[in-house]
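Residues in the first sequence are numbered from 110 upward in steps of one, following the working numbering.
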Amino acid sequence: MNSLNIKQLLDDLISQAMRHAGIDEPIAQIRQSQKPEFGHYQANGMMAAAKKAGSAPRMLAQRVVDMLDGHSEFDFEIAGPGFINIRLTAQFIERNMTDFQLHESPATRADTRTVVIDYSAPNLAKEMHIGHLRSTVIGDTAARVLEFCNHRVVRANHVGDWGAQFGSLLAYLDQITVPGEEISSKLVDLEKFYQSASKLFRVDQNFAAKAREYVVKLQRKDSRCHKLWEKFIAISLDHCQTVYHKLNISLTQADVKAESAYNDDLPVIVEQLQGRGLLTESDGAQCVFLDEFKGQNERPLPAIVRKSDGGYPYLATDLAAARYRSQIINADEVLYFVGASQQLHLRQVFAVASAAGFTKPQQIFRHLPFGLILKADGKPFKTRDGADVKLIDVLDEATRRAFTLINEKNSSMPEQQQLAVAEVVGIGAIKYAELSKNRTTDYIFDWDSMLSFEGNTAPYLQYAYTRIRSLFRKRPTQENSPVNRMTLTEDQEILLAIRVLQFTEAIDAYLEDYQANILCQYLYELASSFMKFYEHCPVLSEAQDIQDSRLHLAKVTAHILQTGLSLLGIQTVEQM
RNA sequence: GCGCUGGUAGCUCAGUUGGAUAGAGCACCUGGCUACGAACCAGGGGGUCGGGGGUUCGAAUCCCUCCCAGCGCACCA
110 MNSLNIKQLL
120 DDLISQAMRH
130 AGIDEPIAQI
140 RQSQKPEFGH
150 YQANGMMAAA
160 KKAGSAPRML
170 AQRVVDMLDG
180 HSEFDFEIAG
190 PGFINIRLTA
200 QFIERNMTDF
210 QLHESPATRA
220 DTRTVVIDYS
230 APNLAKEMHI
240 GHLRSTVIGD
250 TAARVLEFCN
260 HRVVRANHVG
270 DWGAQFGSLL
280 AYLDQITVPG
290 EEISSKLVDL
300 EKFYQSASKL
310 FRVDQNFAAK
320 AREYVVKLQR
330 KDSRCHKLWE
340 KFIAISLDHC
350 QTVYHKLNIS
360 LTQADVKAES
370 AYNDDLPVIV
380 EQLQGRGLLT
390 ESDGAQCVFL
400 DEFKGQNERP
410 LPAIVRKSDG
420 GYPYLATDLA
430 AARYRSQIIN
440 ADEVLYFVGA
450 SQQLHLRQVF
460 AVASAAGFTK
470 PQQIFRHLPF
480 GLILKADGKP
490 FKTRDGADVK
500 LIDVLDEATR
510 RAFTLINEKN
520 SSMPEQQQLA
530 VAEVVGIGAI
540 KYAELSKNRT
550 TDYIFDWDSM
560 LSFEGNTAPY
570 LQYAYTRIRS
580 LFRKRPTQEN
590 SPVNRMTLTE
600 DQEILLAIRV
610 LQFTEAIDAY
620 LEDYQANILC
630 QYLYELASSF
640 MKFYEHCPVL
650 SEAQDIQDSR
660 LHLAKVTAHI
670 LQTGLSLLGI
680 QTVEQM
């Protein structure tokens with residue numbers, strides 16, 4: 110992949126010129142221009158710099174432009190109060206497009222970092238529901254992009270496989286299973302099973318007592334109980350893998366590091382906190398009090414690491430996980446793709462882990478929050494009342510709707526192929542709907558908007574890709590032939606070529622805050638630029654040199670569309 | 001009460017960290033398939049950027065204040 114970054118290039122160029130013009134710490138403020146009359150890029154930093162130096166902005170801009178006289182690949186123009194508008198020449202674009210290498214390593218980052226990504230993390234007591242979509246899809250994109258940039262990525266699926274709720278599940282499982290019967294048959298619908306068990310827990314006191322007994326048994330590693338638990342977990346994990354596979358998520362069972370995996374560390378964590386003098390007993394619980402945390406009425410807010418009944422809350426587990434990621438994995442950075450409601454909790458985890466020396470100061474622990482998914486009436490999906498929409502059902506519905514559409518648009522396609530395309534299109538639409546808005550706020554789940562296949566959606570990008578592939582089905586010999594020289598004359602092809610060359614910029618912008626919508630926006634603009642080019646610039650009917658040039662442009666566009674979509678975990682097809 | 005988010009077109013959302021006349025998609029209206037694929041393209045209408053004040057050459061963006069919504073604030077995860 111081409112590692113040209115135009116914005117960076119211009120930043121270096123303008124900053125240098127500003128320095129020569131007498132500005133000490135130049136900030137060029139290079140932006141992509143919003144309007145064609147302002148050029149392709151603009152430097153906005155002259156006004157601020159002139160103010161600081163006590164000179165007139167337009168005069169400074171003029172001095173800077175004078176310094177750049179030798180650069181024939183850009184046109185500079187001073188506008189308004191002191192903007193420098195920058196136009197890329199066709200020569201610059203053609204040269205870089207000709208040199209564009211499809212199969213080079215990306216290497217947008219020279220330094221390779223180890224990044225742990227904590228995402229998905231379903232509770233194995235129940236089936237994955239719509240609420241898991243955000244963490245899973247957003248986190249998976251981060252993993253793919255960081256790997257694409259040659260970082261070492263450790264996927265951490267911190268699944269919930271421990272706690273009191275497993276008491277009633279195991280007690281119920283034990284109660285309804287006939288000896289010798291395969292228990293997996295009882296768990297085909299994990300959701301219903303969970304509901305039945307928790308209902309029984311509420312209405313039947315004998316059962317509730319038994320459930321509590323099972324919790325203790327499980328903690329003591331009672332062998333029969335533990336085996337039952339292991340089977341339950343294995344089946345539940347299989348459910349997850351089925352969902353991951355359908356959703357094209359890169360998580361495997363090897364990425365699972367469950368809560369229970371830290372069980373043996375929990376007493377050690379408390380011991381070490383004790384050794385550091387951080388522990389205080391309060392109402393029978395072992396707590397860490399840090400000054401920065403205040404609760405209601407300004408009362409000190411504890412981070413409880415051991416409950417008064419001797420049990421360990423999830424904060425203890427998260428501390429153990431943080432320590433493991435710091436000391437064993439030796440992470441440079443740990444990203445938590447976890448809901449916004451966990452913000453205080455994670456701040457406590459990071460602060461306590463740091464105070465206790467479980468993590469090192471130079472290691473970056475970051476929470477990347479997101480909001481809840483609401484029903485159409487604005488009420489949240491509750492976890493206990495069974496109102497959750499199963500994730501697998503959402504995926505099947507998406508595929509079903511996509512099939513209906515394809516069948517209508519392209520009925521001559523063999524049915525087997527239609528089904529395969531429907532998977533790719535339906536799943537792509539769901540994921541893109543998530544990724545294209547990376548807001549930290551709640552949002553309303555709506556079938557129709559989520560499964561729309563028009564406008565700024567994954568199918569639009571996939572469709573652009575198939576249109577390009579269609580060109581090469583008509584010119585198969587052009588597919589692998591290099592271009593000697595690009596000839597770009599029409600606005601539409603110049604704008605498309607610029608978009609192509611901005612891919613690295615989009616990746617860099619994404620990595621600032623892991624906001625996938627930036628990547629989506631880029632890909633949408635790329636596809637949109639292609640559609641305009643395709644409408645306006647004939648390809649196959651043109652003379653050979655123009656045809657070669659345009660086919661090369663189309664080829665590179667297709668490659669970036671496919672690469673970009675793959676970073677979002679979205680697939681492409683040859684025809685749809 | 002305190003803290004964290006957020007409030008932008010009828011709806012869903014962008015807005016590159018203070019830049020030029022606030023942008024997309026959906027929906028609505030008009031035009032374009034005998035045409036490299038119409039899941040598309042060209043064009044149109046639609047805004048008190050929650051209200052008010054302030055900072056400055058310049059504010060959706062920064063500061064203050066108020067209103068509204070969501071989430072969180074001691075032993076469920």
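Virtual Cβ for every residue (Gly too), placed ideally from N, Cα, C. In this text, all values refer to a predicted model and were calculated from it rather than measured experimentally.
| query | result |
| --- | --- |
| Opening and closing residue of the alpha helix (DSSP H) in which T250 lies | 242-257 |
| Simplified DSSP state of I378, which is helix, strand or coil | helix |
| Exposed unless 16 or more other CB atoms sit within 10 angstroms - verdict on S274 | Rather than Ser, the amino acid found at residue 274 in this sequence is Gln. Buried, by the Cβ-count rule. |
| Chain-order list of residues whose beta-carbon lies under 6 Å from that of C629 (same chain, five-residue window excluded) | L544, S545 |
| Sequence-distant residues of the same chain with beta carbon closer than 8 Å to C646, five excluded per side | E599, Q601, E602, R659 |
| Sequence-distant residues of its chain with Cβ nearer than 8 Å to R385 (five each side left out) | A464, A465, G466 |
| Pair within 9 Å by beta-carbon distance, I358 and V246 | yes |
| Cα-Cα separation between Q684 and Y572, rounded to whole angstroms | 8 Å |
| Three CB pairs or more closer than 8 Å across the region 298-311 and the region 224-244 | yes |
| Three-way DSSP call (helix, strand, coil) for C646 in this model | coil |
| C-beta contact flag for I202 and A663 at 9 Å | no |
| Identity of the residues DSSP links to G419 by a beta bridge | Note: G419 sits in no beta bridge, so no partner. |
| S103 in three-state terms, based on DSSP | Limits of the chain in this structure are 110 at one end and 685 at the other, which puts residue 103 out of reach. |
| Whole-angstrom distance between Y228 and T264, CA atom to CA atom | The identity of residue 264 in the sequence shown is Arg, whereas the question assumes Thr. Cα to Cα, R264 sits roughly 8 Å from Y228. |
| Residue interval of the beta strand (DSSP E) (run including H476) | 473-476 |
| Identified DSSP bridge partners for Q653 | Paired residue(s): none; Q653 is not in a bridge. |
| Rounded C-alpha distance that separates L382 from L424 | 13 Å |
| With 16 other Cβ atoms within 10 Å as the buried cut-off, status of V692 | Any property of residue 692 remains undetermined from this structure, which presents the chain solely from 110 to 685. |
| Complete runs of the alpha helix (DSSP H) confined to the region 574-652 [at least 4 residues] | 600-610, 612-622, 625-645 |
| Proximal residues to D494 (C-beta, below 8 Å), its chain only, five neighbours per side dropped | No answer about D494 holds up, because its pLDDT of 47 lies below 50 and its placement is not dependable. |
| Through-space distance from I342 to D96, alpha-carbon basis | No statement about residue 96 is possible, as the shown extent of the chain runs from 110 to 685 and does not include it. |
| Proximity winner among T613, Q171, L580, relative to A667 (alpha-carbon distances) | L580 |
| Contact set for L604: own chain, Cβ-Cβ below 6 Å, skip 5 residues either direction | S638 |
| Distance CB(T207)-CB(V592) smaller than 9 Å | yes |
| Start-to-end residues for the beta strand (DSSP E) that takes in K65 | Because the chain here runs from 110 to 685, residue 65 falls outside it and cannot be looked at. |
| Residue burial classification, Q680 (beta-carbon count within 10 angstroms, cutoff 16) | buried |
| Euclidean distance between Cα positions of G448 and M155 | 41 Å |
| Backbone secondary structure at G154 - three-state DSSP | coil |
| Residue closest to L118, alpha-carbon to alpha-carbon, out of N372, L388, E614 | E614 |
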